[in-house]
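Under numbering that gives the first Met the number 0, residues 0 to 195 are what the sequence shown spells out, in order. Yeah, the Cβ is synthetic: ideal placement off N, Cα and C, and Gly gets one too. All values reported here derive from a predicted model rather than from experimental measurement. Remarks on the structure that follows.
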Amino acid sequence: MDKVVFLDRDGTINEEVRYLHRTEDLKFLPGVAAALRSLKEVGFKLVVVTNQAGVARGYYGCEEVEKLHEYLNQRLKEQEAGIDRFFYCPHHPEYGVGIYKRSCRCRKPGIGMFEMAEQWYAVDKSHSYMIGDKMIDVQAGGRYGVTGILVGSGYGAAIKKEIEEKGEKPLYDFYAETLVDAAEYIIDRERKAKQS
0 MDKVVFLDRD GTINEEVRYL HRTEDLKFLP GVAAALRSLK EVGFKLVVVT NQAGVARGYY
60 GCEEVEKLHE YLNQRLKEQE AGIDRFFYCP HHPEYGVGIY KRSCRCRKPG IGMFEMAEQW
120 YAVDKSHSYM IGDKMIDVQA GGRYGVTGIL VGSGYGAAIK KEIEEKGEKP LYDFYAETLV
180 DAAEYIIDRE RKAKQS
């Protein structure tokens with residue numbers, strides 16, 4: 000069985016840029032490469048699952064998404080922190096254009112991209128995780144059956160604050176300020192599970 004860390008992209012790995020598709024606009028968040036490398040070193044597969052409504056809206060094409068992912072991975076591989084697989088959803092049920100205007104299973108909080116990953120990995124859900132900066136990320140992780148971690152980068156800190164102010168029960172299993180903190184939590188949790 001494979002231990003997998005599923006990751007949102009924008010606001011989790013790189014700075015949130017509205018409809019990011021140009022390589023020159025890609026900026027990694029602090030500590031990301033080190034965090035991803037530490038997860039790889041303890042045997043996790045790293046899989047990006049990202050909604051790309053910019054494709055649906057006609058702002059850019061699938062080629063640009065794939066080119067950006069290739070560039071992003073090249074930069075990470077230079078630091079021994081490459082992503083194993085990328086999956087993206089190019090659909091939007093309301094604002095999509097042409098073939099991209101439709102409801103689908105892959106758009107988070109749907110779990111279609113997680114199911115796509117099963118073509119490559121025998122996902123051990125009890126030892127796998129979803130990290131993202133939005134509620135749709137942790138909701139998707141929860142629906143798929145993995146531990147959901149809300150990260151404070153991107154929109155995460157504001158979401159956590161709003162939940163606390165409303166006194167609501169969080170949908171995420173753990174909150175981490177950064178991807179570095181999330182990786183430390185995962186590694187520590189797995190180490191304790193092995194010892195028990």
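Which word fits Gln118, buried or exposed, when buried means at least 16 other C-beta atoms lie within 10 angstroms of its C-beta? The count along the sequence shown starts at 1 and reaches residue 118 at position 119. Exposed is the call here.
Could you pull out every unbroken beta strand (DSSP E) segment of at least 3 residues lying fully inside the region 129-170, listed in chain order? The region 129-170 contains, as complete beta strand (DSSP E) runs of 3+ residues, the segments 146-150 (chain order).
Could you give the residue range of the alpha helix (DSSP H) that holds Phe86? The residue you call residue 86 lines up with position 87 of the sequence shown. Unbroken run through Phe86 is the beta strand (DSSP E), Arg84 to Cys88; no alpha helix (DSSP H).
Asp180, DSSP secondary structure in three states: For the purposes of this step, residue 180 is taken as the residue at position 181 of the sequence shown. In the three-state scheme derived from DSSP, where H, G and I count as helix and E and B as strand, Asp180 is classed as helix.
What does the alpha-carbon distance come out to for the pair Arg101 and Arg190? Taking the sequence shown and counting its residues from 1, one reaches residue 101 at position 102. Taking the sequence shown and counting its residues from 1, one reaches residue 190 at position 191. Going by the C-alpha atoms only, they are around 42 Å apart.
Between the alpha carbons of Tyr99 and Gly111, how many angstroms are there, rounded? Your numbering for residue 99 matches position 100 in the sequence shown. Your numbering for residue 111 matches position 112 in the sequence shown. Whole-angstrom Cα-Cα distance: 15 Å.
Whole-angstrom distance between Ser195 and Cys61, CA atom to CA atom: Within the sequence shown, residue 61 is the residue found at index 62, counting from 1. Within the sequence shown, residue 195 is the residue found at index 196, counting from 1. So the alpha carbons of these two residues sit roughly 45 Å apart.
Can you say whether Ser125 is buried or exposed, counting buried as having 16 or more other CB atoms within 10 angstroms of its CB? Numbered from its first residue, the sequence shown carries residue 125 at position 126. Classification of Ser125: exposed, given that the 10 Å Cβ count is below 16.
May I have the straight-line CA-CA distance separating Gly147 from Val41, to the nearest angstrom? One-based indexing of the sequence shown puts residue 147 at position 148. One-based indexing of the sequence shown puts residue 41 at position 42. Each residue's Cα considered, the two are about 19 Å apart.
Just the C-alpha distance for Glu163 and Arg21, rounded to the nearest angstrom, thanks. By 1-based counting over the sequence shown, the position of residue 163 is 164. By 1-based counting over the sequence shown, the position of residue 21 is 22. Roughly 36 Å between the two C-alpha positions.
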